[in-house]
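Student:
Residue numbers (our numbering): 738 to 890.
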C-alpha cells in the first residue's frame with residue numbers, strides 16, 4: 738500500500754498566511770503614504786494657484802494704472818485710466834485679498850496669509866508679495882516687481 742501525502746501541513750499554511758499578510762501590510766502602507774502625499778501636494782498647488790491668480794491680477798492693474806494714490810504695506814490704491822479708484826487690500830480675518838472699486842469689495846483670492854507691498858517712488862517700481870499655505874503645510878510665497886507705466890503723483 739502506498740501512502741501519498743496530499744495537501745499542506747498546518748505549518749506551511751501558517752507561513753504562507755504570514756508572508757501574504759506582511760506583503761499586504763507593506764502594499765497598504767505605501768498606498769496610504771501616497772494618498773497623504775497627494776492630498777498635501779494638492780493643497781499646496783491650490784495655494785500656489787490662488788497666489789498666482791491674485792498676483793497676476795494686481796500686477797496687470799498696477800502696471801496699467803495712471804496713478805498710484807497710496808501705497809501701504811498691505812494695501813495699494815491706484816487710479817485707472819478712466820479716473821476710477823481701485824484698492825487692493827489684505828483682510829487678515831478672512832485670509833483674503835480683496836479688490837474694492839466703487840465702494841464694493843470683492844474677494845480676488847482666498848488662502849492668503851500675508852501681503853507685502855513696497856514702493857520706490859523715484860523709479861516707479863512696486864514690489865508685490867503674497868504668502869499663503871501656512872495651514873496646509875509648507876508656506877508658499879510669490880513675489881513680483883512691477884514698473885508702473887504712468888507713475889504720476
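For every residue, glycine included, the Cβ atom is placed at its ideal position computed from N, Cα and C.
These numbers were taken from a predicted model, which means no experiment stands behind them.
In chain order, what residues of the same chain have a beta carbon less than 8 Å from the beta carbon of residue 885, not counting five sequence neighbours either side?
Tutor: If we look at residue 885 and ignore the five residues flanking it on each side, its Cβ neighbours are 799, 800, 802, 805, 861, 862, 863.
Student: Leaving out five residues on either side along the sequence, give the residues of the same chain with a beta carbon under 7 Å from the beta carbon of residue 845.
Tutor: Result list for residue 845: 791, 794, 834, 835, 836, in chain order.
Student: With C-beta atoms as the reference, is residue 880 less than 8 Å away from residue 865?
Tutor: In contact: residue 880 and residue 865 (Cβ atoms closer than 8 Å).
Student: Can you grab the Cα-Cα spacing for the pair residue 812 / residue 877, in whole Å?
Tutor: About 20 Å.
Student: Assign residue 875 to one of three DSSP states: helix, strand, or coil.
Tutor: Residue 875: coil per DSSP, three-state reduction.
Student: For residue 817, I'd like the list of residues in its chain whose CB is within less than 8 Å of its CB, leaving aside the five on either flank, ordered along the chain.
Tutor: 798, 801, 802, 803, 823, listed in sequence order.
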